[in-house]
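Structure, as C-alpha cells:
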Amino acid sequence: KVLLKAAFWSKHADTSMNDRQKKLLNKLLNGFVGKLTSSKWAKIAKCSKDTAIRDINDLIEKDILQKEAAGGRSTSYELKPIAFL
Numbered sequence: 002k003v004l005l006k007a008a009f010w011s012k013h014a015d016t017s018m019n020d021r022q023k024k025l026l027n028k029l030l031n032g033f034v035g036k037l038t039s040s041k042w043a044k045i046a047k048c049s050k051d052t053a054i055r056d057i058n059d060l061i062e063k064d065i066l067q068k069e070a071a072g073g074r075s076t077s078y079e080l081k082p083i084a085f086l
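Reading the sequence shown from the start, the letters are residues 2 to 86 in the working numbering.
Take a look at the structure:
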C-alpha cells in the first residue's frame, strides 16, 4: 500500500490539485471503506456538493478518478488503475 501511494504521488507530482482533492485522494489511497460519492466528498472536504462535483470532474479529466459502473443517483467514484502507471 505504501509503495502504491508513493508511486501515485510520484507520478502526479506536477499535477495541479487543490487541498481538498489531495485530502480525498490520500483517503482513497489509504483504503477508503465504502463508496466515494459526491455527497461523501462534500462532507469530508467540508465543501458544497457543487464544489465536490467540480473537484471530482477535474480529477476525472486528469485521468485520476473514474465513475464506477453503477450510475444515476448512486454514482460513486474510484481511483483509475492507470493513475498509478
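Even for Gly, the Cβ is constructed at its ideal location relative to N, Cα and C. All of these numbers come straight from a predicted model, not from anything done at the bench.
- Message: Let me check one thing: in DSSP terms, what residues is residue 79 bridge-paired to?
- Response: Taking the first residue of the sequence shown as position 1, residue 79 is located at position 78. In the DSSP output, where bridge partners are listed per residue, residue 79 has 67.
- Message: Does the structure place the segment 34 to 48 close enough to the segment 4 to 16 that three or more beta carbon pairs sit under 8 Å?
- Response: no
- Outcome for residue 53 when other beta-carbon atoms lying within 10 angstroms are tallied against a minimum of 16: On the sequence shown, residue 53 is found 52 positions in, with the first residue counted as 1. By the 10 Å Cβ count, residue 53 comes out buried.
- Task: Would you kindly report the start and end of the unbroken alpha helix (DSSP H) that includes residue 3?
- Result: Position 2 of the sequence shown holds residue 3. Where residue 3 is concerned, the enclosing alpha helix (DSSP H) stretches over 3 to 12.
- Task: Could you tell me whether the Cβ atoms of residue 18 and residue 26 are closer together than 9 Å?
- Result: By 1-based counting over the sequence shown, the position of residue 18 is 17. By 1-based counting over the sequence shown, the position of residue 26 is 25. Yes. Within cutoff.
- Are residue 37 and residue 11 closer than 9 Å when you measure CB to CB? By 1-based counting over the sequence shown, the position of residue 37 is 36. By 1-based counting over the sequence shown, the position of residue 11 is 10. Contact: no.
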